[in-house]
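In what follows, a structure is listed as structure tokens, so that the remarks can point back to it.
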């Protein structure tokens, strides 16, 4: 679709501001975008969408066009992305983009909680951080939106650069760079190159980077002539530490500057969330959010969707952090568990996906690390552990199989870490503790 086409569609969009890609979620007056996937072609659902109340259906297969409410374009996905970029150019909202190997969703949500205390904001829902989710989020920006917090995920080089072309972020955050999606990136250097695309975008057209000072490689990735505001344990614009490493929930103590020093308790689990909270506090200070509003936002934020959740199940305390996993986040979670004061500690680990040729070594390393930390009550899920040659530790084919084992051999009076990649579906073991 050329600029004239985008301009025409944008005029329609201004009259029908809700975009939908799923006919099951349609509301009257929506614009339906008929996207294609590996196993479906939504062009076939265009008529159904209109029957259910959609104002228009955007399609890219002429055989489904049956009237002037069918908008035929060359490629529906590309049109969605172009429309989002066009809308971004028309809006006055400030864009804060977040990427990173670990912590980006949690960081995004805490930042949104902080900024939402004093600004009209929108932010990425759930983990809609890909080539479809980023445009959909941009298109949710309203005339009165002051700040949009956009999460950007990636599993190959060039992906973040594309998102930045559409979003043109004013501010950027890379939470960290670790071993994830190695199958697509090839190496840790590939991950750094991909995540660094956000920094390069800010250097070219943005205003400021918020940067974790305790991760020196982030400083090394920073282009020249870009403004940086830092957070970390020391020698940063905002400094803080974990108040009590033996506590299950995280309480952050800000040590500098003095005017915001003090305790910032949270409902998050794990000292590995320290930089995420420090980042949110730093962003809040930059945007002149009152200290008490920042503290309240952090204290009120409740994690969900199996991300750093603390659950009480019977006599057990469960750290449910099973939305995703990679070698970096798993190592941090194990180290955090090892510091907690609990007589009995169990670790239930699901396999890490998209590790490519590094899979055997990374899975073997994680089990070795757990044992070195004294976490020898291990239960593993996934053939990746078998391929890595793990012995003397129970390995289950699926999380459902592990659940059945736990029902027969219940764990009591323990602190239990549950973590694994999305594909491992580790949440399926939870019913075993419902008693």
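Residue numbers (the numbering used here): 237 to 671. For each residue, glycine too, the CB sits at the ideal point set by N, CA and C.
1) Just the Cα atoms here: how many angstroms apart are residue 256 and residue 575?
2) Whose CA, out of 472, 660, 632 and 326, lies closest to the CA of residue 562?
3) Which ranges would you report for the beta strand (DSSP E) in the stretch 545-616 if only whole runs of at least 3 residues count?
4) Starting from the C-beta of residue 364, find all residues in its chain whose C-beta is less than 7 Å away, skip the five residues before and the five after it, and write them out in chain order.
5) Beta carbon of residue 260, beta carbon of residue 286: below 7 Å?
6) Below 8 Å, can you find three or more Cβ-Cβ pairs linking the stretch 523-533 to the stretch 341-360?
7) Whose CA, out of 402, 369, 411 and 430, lies closest to the CA of residue 391?
8) Judging by CA-CA distance, which residue of 516, 505, 497 and 423 is the nearest neighbour of residue 465?
9) Which of the three DSSP states, helix, strand or coil, is assigned to residue 335?
10) Output the boundary residues of the alpha helix (DSSP H) element that contains residue 533.
11) Grouping DSSP H, G and I as helix and E and B as strand, with all else coil, what is residue 520?
12) Less than 7 Å between the C-beta atoms of residue 567 and residue 557, yes or no?
13) Terminal residues of the continuous alpha helix (DSSP H) containing residue 343?
14) Going by DSSP, name the residue or residues bridged to residue 307.
15) With 16 as the cutoff for other CB atoms within 10 Å, does residue 548 come out buried or exposed?
16) Using only alpha-carbon positions, find the residue among 404, 281 and 644 that is nearest to residue 334.
17) In the DSSP assignment, the beta strand (DSSP E) including residue 281 goes from what residue to what residue?
18) Is it buried or exposed for residue 218, if we count other Cβ within 10 angstroms and need 16 for buried?
19) Note down, in chain order, each residue of its chain lying with its Cβ closer than 6 Å to the Cβ of residue 268, except the 5 sequence neighbours on either side.
20) Strictly by DSSP, which residues pair up with residue 385?
21) Using alpha carbons as the reference points, say which of 508, 472 and 460 lies closest to residue 483.
22) Rounded to the nearest angstrom, what separates residue 275 and residue 332 at their Cα positions?
23) Decide if residue 443 is buried, meaning its Cβ has at least 16 other Cβ atoms within 10 Å, or exposed.
24) Considering residue 493, what are the terminal residues of the beta strand (DSSP E) in which it resides?
25) Just list the residues that DSSP pairs residue 463 with in beta bridges.
26) Per the contact definition of three or more C-beta pairs closer than 8 Å, is the stretch 612-623 in contact with the stretch 633-646?
So, from the data block:
1) Mapped onto the chain shown, residue 256 falls at position 20. Mapped onto the chain shown, residue 575 falls at position 339. Roughly 46 Å between the two C-alpha positions.
2) Start at 1 with the first residue of the chain shown, and residue 562 comes out as number 326. Of 472, 660, 632 and 326, the residue nearest in Cα terms is 660.
3) 545-549, 552-556 and 581-586
4) Position 128 of the chain shown, counted from the start, is the residue given in the question as residue 364. Excluding positions up to five away in sequence, the list reads 372 and 373.
5) Indexing the chain shown from 1 puts residue 260 at position 24. Indexing the chain shown from 1 puts residue 286 at position 50. No; because the gap between Cβ atoms is not below 7 Å, this pair is not in contact.
6) yes
7) If you number the chain shown from 1, residue 391 lands on position 155. For the residues 402, 369, 411 and 430, the minimum Cα distance to residue 391 belongs to 430.
8) By 1-based counting over the chain shown, the position of residue 465 is 229. Nearest option by C-alpha distance: 516.
9) For the purposes of this step, residue 335 is taken as the residue at position 99 of the chain shown. DSSP places residue 335 in strand when its eight states are reduced to three.
10) Here residue 533 corresponds to residue number 297 of the chain shown, with the count starting at 1. Residue 533 -> alpha helix (DSSP H) spans 527-536.
11) Counting from one through the chain shown, the residue named residue 520 turns up at place 284. Correct three-state label for residue 520: helix.
12) On the chain shown, position 331 is the one that residue 567 refers to. On the chain shown, position 321 is the one that residue 557 refers to. No.
13) Counting from one through the chain shown, the residue named residue 343 turns up at place 107. Segment 340-351, the alpha helix (DSSP H) holding residue 343.
14) Position 71 of the chain shown holds residue 307. Its beta-bridge partners are 294.
15) Along the chain shown, one-based indexing puts residue 548 at 312. Exposed is the call here.
16) For the purposes of this step, residue 334 is taken as the residue at position 98 of the chain shown. The residue with the shortest Cα to Cα distance from residue 334 is 404.
17) By 1-based counting over the chain shown, the position of residue 281 is 45. Taken as a continuous stretch (DSSP letters only), residue 281 belongs to no beta strand (DSSP E), as it is neither H nor E.
18) An answer regarding residue 218 cannot be provided, because it is not within the stretch 237 to 671 covered by the chain.
19) Numbered from 1 along the chain shown, position 32 holds the residue referred to as residue 268. Same-chain partners within the cutoff: 256, 285, 290 and 293.
20) In the chain shown, residue 385 corresponds to position 149, counting from 1. BP columns for residue 385 point to 332 and 359.
21) Mapped onto the chain shown, residue 483 falls at position 247. It is 508 whose Cα lies nearest to the Cα of residue 483.
22) Position 39 of the chain shown, counting from 1, holds the residue named residue 275. Position 96 of the chain shown, counting from 1, holds the residue named residue 332. Going by the C-alpha atoms only, they are around 34 Å apart.
23) Locating residue 443 in the chain shown gives position 207, where the first residue counts as 1. Counting Cβ neighbours within 10 Å, residue 443 comes out exposed, since fewer than 16 surround it.
24) The count along the chain shown starts at 1 and reaches residue 493 at position 257. Note, residue 493: premise wrong, no beta strand (DSSP E); not H, not E.
25) Numbered from its first residue, the chain shown carries residue 463 at position 227. DSSP, once it has assigned bridges, lists 444 as partnering residue 463.
26) yes
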